[in-house]
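Each residue of the sequence shown is one higher than the last, beginning at 477 in this note's numbering.
Note that the Cβ used here is the ideal one computed from N, Cα and C, for glycine as well.
Only a predicted model underlies this, so the values are computations on that prediction, with no experimental measurement involved.
Working notes, beginning with the structure itself.
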Amino acid sequence: MSTRAASPLIPVTHPSSPAPTVFQEQIVTRRSVRQILAVARLVIGFTFLWAFVDKLFGLGFATPVERAWVNGGTPAQGFIGGIEGPFAGVFAVFANPFGDALFMAGLLGIGIAVMAGAGLRIAAVTGTLLMAFMYLAELPAALGGTNPIVDSHWHEALLLIIAAATLSGDTWGVGRTWGRIVGNSWLR
477 MSTRAASPLI PVTHPSSPAP TVFQEQIVTR RSVRQILAVA RLVIGFTFLW AFVDKLFGLG
537 FATPVERAWV NGGTPAQGFI GGIEGPFAGV FAVFANPFGD ALFMAGLLGI GIAVMAGAGL
597 RIAAVTGTLL MAFMYLAELP AALGGTNPIV DSHWHEALLL IIAAATLSGD TWGVGRTWGR
657 IVGNSWLR
């Protein structure tokens with residue numbers, strides 16, 4: 477503890493008193509914008525959750541039933557086995573059952589956190605890393621695509637970051653309640 481006298485220009489804070497918890501209304505003042513951000517959060521959360529469910533059960537959309545994880549399919553190995561870009565060798569380390577479990581846990585965890593509106597910062601970091609890895613695996617500049625630099629992985633990562641930065645889980649989610657429990661920490 478400092479023995480220095482408090483100056484009217486320099487606020488004295490004590491390490492034992494945490495900063496007050498910030499809520500979405502303090503960041504995004506318009507209700508309609510908060511609702512739009514909540515819809516965007518729910519859409520990107522459902523994208524991750526759906527990918528998990530489809531790969532788990534093979535609902536016939538991106539994953540046919542015979543390649544479902546419950547039927548012996550290998551979600552990460554299947555994706556990694558098809559990589560033809562310059563980073564194919566880098567990702568080969570994940571072409572195993574551990575890689576499958578890690579990939580599926582990531583999809584599920586990110587999807588649940590984003591849909592619930594709690595743990596958005598961790599979901600944004602891990603989801604952005606997952607999108608960056610998938611982007612590098614499918615590198616449009618090397619493999620061709622409609623845009624040589626930006627693809628849907630960028631959009632998904634940005635939506636995750638925006639959801640976390642704007643505390644969008646406070647609207648139509650459990651973010652406000654979660655914020656009261658964890659404050660402004662990384663768990664927010």
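Non-local C-beta neighbours of residue 596 in its own chain, meaning closer than 6 Å and more than five positions away in sequence, comprise 639, 640 and 645, ordered along the chain.
For residue 608, the enclosing alpha helix (DSSP H) begins and ends at 596-613. Residue 648 has its alpha-carbon roughly 19 Å from the corresponding atom of residue 526. For the pair residue 573 and residue 539, the CB atoms are not nearer than the 9 Å cut-off.
Considered as a whole, the stretch 528-596 harbours 551-557, 564-567 and 573-592 as its complete alpha helix (DSSP H) runs of no fewer than 4 residues, in chain order. By the beta-carbon neighbour count (other beta carbons within 10 angstroms, threshold 16), residue 656 is exposed.
Shown here for residue 495: same chain residues with a beta carbon closer than 8 Å to its own, the five before and five after excluded, namely 659 and 660 in chain order. Using a Cβ distance threshold of 9 Å, residue 517 and residue 606 do not count as a contacting pair. With a beta-carbon spacing of about 5 Å, residue 533 and residue 544 fall inside the 8 Å limit used to define contacts. Residue 621 has its alpha-carbon roughly 25 Å from the corresponding atom of residue 530. One alpha carbon belongs to residue 570, the other to residue 548, and they sit about 17 Å apart.
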